[in-house]
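Written below as structure tokens is the structure these notes are about.
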Amino acid sequence: MSDKMRKLAREDNPEIFKLSQFAFQYSLSQEELIEQEEEAAHHEIWGCFEEEQLSAKVHMIPLNVNINGKAMKMGGIAAVASWPEYRRSGKIKRLLQEVLRSMKSTGHTISYLHPFSVPFYRKYGYELTFNQRKYQIPMDSLKKKWKASGYARRNKNNYEDLQKVYSAYISAFNGALIRDKKWWNQRIIKKDTMTTICYNEQNEAEGYLLYHVKNQILHVEELAYVNLNGLKLILQLISNHDSMATKVEMTVPDNDHLPMLIDEPRYEQKVVPYFMSRIVDVFSFLQDYPYNQTAEMIPVKIAVEDDFLPENNCTYYLSKVNGRVGVSTEKPNELEFGSINCSVQYLTSMFLSYNRPTELAELQLIEGDKNGLQSLENLISYKQTYLPDFF
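With my numbering applied, the sequence shown corresponds to residues 2 to 392, in that order.
See below:
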């Protein structure tokens with residue numbers, strides 16, 4: 002049988018959500034269905050059809066992310082599903098190619114997804130770029146005088162203060178979403194979530210804590226802070242729940258330093274691979290990337306291999322023009338270039354600063370000479386990747 006592929010519309014919603022509920026094993030009330038349909042109206046959804054019936058689908062969520070201090074357009078892949086009788090027939094592969102090329106046409110130069118299988122999505126050019134560090138902390142470990150200056154107030158409607166703290170917090174990391182009010186309301190502030198904002202003595206927001214308590218466990222859904230005092234205000238707030246909870250569970254950035262502030266840091270900690278990413282349009286991404294413009298560099302050529310989107314297969318030349326890093330697909334005259342050879346996967350993990358060029362070369366995952374590797378080390382941000390969101 003041949004199948005048709007097209008962009009889905011609102012009239013396809015019954016089939017879209019019928020497949021989602023089956024594939025991801027959940028049921029929606031009428032109210033929840035309306036909410037999901039409102040959110041899906043902002044997605045670009047592609048589907049395959051067999052005999053006029055939806056057989057597989059992929060959602061693309063248009064978002065913006067913070068890459069080394071610069072907003073860049075990102076296409077989030079979500080709700081990838083097919084009916085069992087159509088699985089392993091190449092439909093998802095064809096849909097992903099179509100969606101990625103659609104992203105490229107709308108200027109979304111990078112894509113994220115949460116994988117059900119890492120090897121599956123590596124076939125399509127994605128690579129791990131985000132980890133989660135998970136803590137299970139006995140409440141007794143947090144019971145101390147934190148010497149914080151300020152106070153905390155419950156308020157889930159103060160979007161301005163939440164956004165101010167969040168934006169300041171993620172500026173220290175690479176890759177986090179740039180949220181708008183709609184994202185906060187649809188994805189972050191939930192009905193059963195306690196939302197508490199921490200203020201200093203000048204009534205300036207310095208941190209927030211989103212959490213709930215169940216079965217004597219305080220579950221931190223998200224925390225963010227602008228300085229050490231903001232963190233200490235949050236820790237003081239958590240410790241004030243000692244009569245309700247015996248344990249605290251939280252997820253933090255991979256480079257978190259909370260154990261250094263706790264007297265007994267031997268609590269359960271584990272690092273879990275989280276989201277994957279891939280560069281969609283290599284030339285445009287390399288053009289837009291916010292390089293360390295003051296770094297010393299030898300011009301470098303990067304030969305990129307992309308089996309899934311072969312239009313990215315090319316050698317890209319990075320050199321400084323009038324003091325700014327520029328990119329070209331034609332070699333500038335009279336310049337000697339360092340050399341890098343890599344797949345689109347490892348190009349992505351390098352430029353998001355999840356892996357360093359020298360590290361990948363030592364593992365023989367990329368090839369490069371000394372000048373090429375050193376140039377990329379100098380040009381690429383060292384910021385830790387961090388993504389507190391899910392889609």
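All C-beta atoms in this analysis are idealised placements derived from N, C-alpha and C, irrespective of residue type, glycine included.
Practice problem: Compare the beta carbon distance of G327 and S376 with 7 Å and say whether it is the shorter of the two. | Solution: no
Quiz item: Does the distance from the CB of I78 to the CB of Y268 come in under 7 Å?
Solution: no
Quiz item: Using a Cβ-Cβ cut-off of 6 Å (strictly less than) and excluding sequence neighbours within five positions of T349, which residues of its own chain qualify?
Solution: E128, S278, R279 and I280
Quiz item: Would you call the stretch 4-20 and the stretch 30-47 touching, i.e. three or more CB-CB distances under 8 Å?
Solution: yes
Practice problem: May I ask which residues mark the beginning and end of the beta strand (DSSP E) holding K288? | Solution: It should be pointed out that residue 288 corresponds to Gln in this sequence rather than to Lys. Segment V283 to D289 is the alpha helix (DSSP H) holding Q288; no beta strand (DSSP E) there.
Exercise. Return yes when the Cβ of L238 is within less than 7 Å of the Cβ of A149, no when it is not.
Key: no
Exercise. From the DSSP output, in three-state form, read off W185 for me.
Key: helix
Quiz item: Looking at C-alpha atoms only, which residue of L336, Q385 and P333 is the closest neighbour of N356?
Solution: Q385
Quiz item: In chain order, which beta strand (DSSP E) runs of at least 3 residues are fully inside the stretch 69-154?
Solution: 71-83, 111-114 and 132-139
Practice problem: Assess, as a yes-or-no matter, whether the stretch 101-119 is touched by the stretch 317-324 under the definition of 3 or more beta carbon pairs within less than 8 Å. | Solution: no
Quiz item: Between which two residues does the alpha helix (DSSP H) containing A41 stretch?
Solution: Q31 to A41
Quiz item: From which residue to which residue does the alpha helix (DSSP H) around M351 run?
Solution: V345 to F352
Practice problem: Give the DSSP bridge partners of I198, in chain order. | Solution: R154 and Y209
Quiz prompt | Limits of the unbroken beta strand (DSSP E) element including G373 | solution = Unbroken run through G373 is the alpha helix (DSSP H), K371 to L380; no beta strand (DSSP E).
Practice problem: Label N186 either buried or exposed according to how many other C-beta atoms from any shown protein chain fall within 10 Å of its C-beta, with 16 as the threshold for buried. | Solution: exposed
Practice problem: May I ask you to verify whether the stretch 295-309 touches the stretch 329-348, counting CB pairs closer than 8 Å and requiring at least 3? | Solution: yes
Quiz item: Who are H60's beta bridge partners in DSSP?
Solution: I46 and A79
Practice problem: Measuring alpha carbon to alpha carbon, tell me which of M61, N65 and E265 ends up nearest S142. | Solution: E265
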